[in-house]
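According to mature numbering (1 follows the signal peptide of the UniProt record, and there is no 0), the stretch in the sequence shown is residues -37 to -1, 1 to 119, in order. Even glycine gets a Cβ: it sits at the ideal position worked out from N, Cα and C. Keep in mind the model is a prediction, meaning the values are calculated, not measured.
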Amino acid sequence: MHAFTPPPPAPRSHAVARALALLVLLAAAFLGEPSRADPGDFQAMPGLWKISVRSVDHGHPGKPSVLWHCVDEGPDPWTEFAELPLPGHASCQRTSAHRSSTALAWTLSCPGLSSPGRGRVDFDSPEHYTASVNLQGRQVVQAEGRRVAACTSPKD
């Protein structure tokens, strides 16, 4: 009977080559340009959306107001979902948006406020989302949107 003999170890150069390849891949992943979602990758459905918006005062959401909005398949539909009313801050401007196929986060520059605000829209399905806006570290708006139908005219 023959005793089992393990195969000879691989040359050290193979191990070094594998380690080097792994380092190159990791460096490319960390140093490469961050990915940005193409507006064409947007996963929400166009149509007529019912949006329930609540102002938040000292952590307490107020009564909802309902807005109706027809979202079309324009060049950048994200901008339509990020248009949330900000009571007392109508002149805030959206800046530096970051997108994925199901979420949008942005900062807000508001005259008279020392720090930038932040907004976020998260889709849990192509027909439903939740959103919020924070100013000076406090939530000031909550919103929930649900697609209810196709748009029937440009004036919907």
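Closest by C-alpha distance to residue 39, when choosing among 18, 100, 9 and 19: 9
Check: residue 78 C-beta below 8 angstroms from any heavy atom of the ligand NAP: By its list of ligands, the structure shown contains no ligand whatsoever, and the ligand NAP lies outside what it can speak to.
Extent of the continuous beta strand (DSSP E) to which residue 107 belongs: 101 to 112
Distance between residue 104 and residue 110 (C-alpha atoms, nearest Å): 20 angstroms
The segment 16 to 27 in contact with the segment 61 to 72 per 3-pair CB rule at 8 angstroms: no
N-terminal and C-terminal residue of the alpha helix (DSSP H) that residue 42 is part of: 41 to 44
Beta-carbon proximity check, residue 43 vs residue 32, cutoff 9 angstroms: yes
Buried or exposed by the 16-neighbour rule on C-beta atoms within 10 Å, applied to residue -2: The pLDDT assigned to residue -2 is 41, lower than 50, so where the model puts this residue is not dependable; a value taken from the coordinates is nonetheless given after this. Looking at its Cβ environment, which holds fewer than 16 other Cβ atoms inside 10 Å, residue -2 is exposed.
Span of the beta strand (DSSP E) around residue 15: 10 to 20
Coarse secondary structure for residue 115, derived from DSSP in three states: coil
Every unbroken beta strand (DSSP E) within the segment 45 to 70, with a cutoff of 3 residues, ordered by chain: 56 to 62
Straight-line Cα distance separating residue 76 from residue 7: 32 angstroms
Cβ shell of residue 97 (< 7 angstroms), same chain only, five flanking positions each side left out: 80, 81 and 103
Residue 11 to residue 88 span [Cα, whole Å]: 15 angstroms
Beta-carbon proximity check, residue 107 vs residue 28, cutoff 9 angstroms: no
Close Cβ partners of residue 84 (< 7 angstroms) along its chain, the five nearest in sequence each way excluded: 44, 45, 66, 67, 92 and 94
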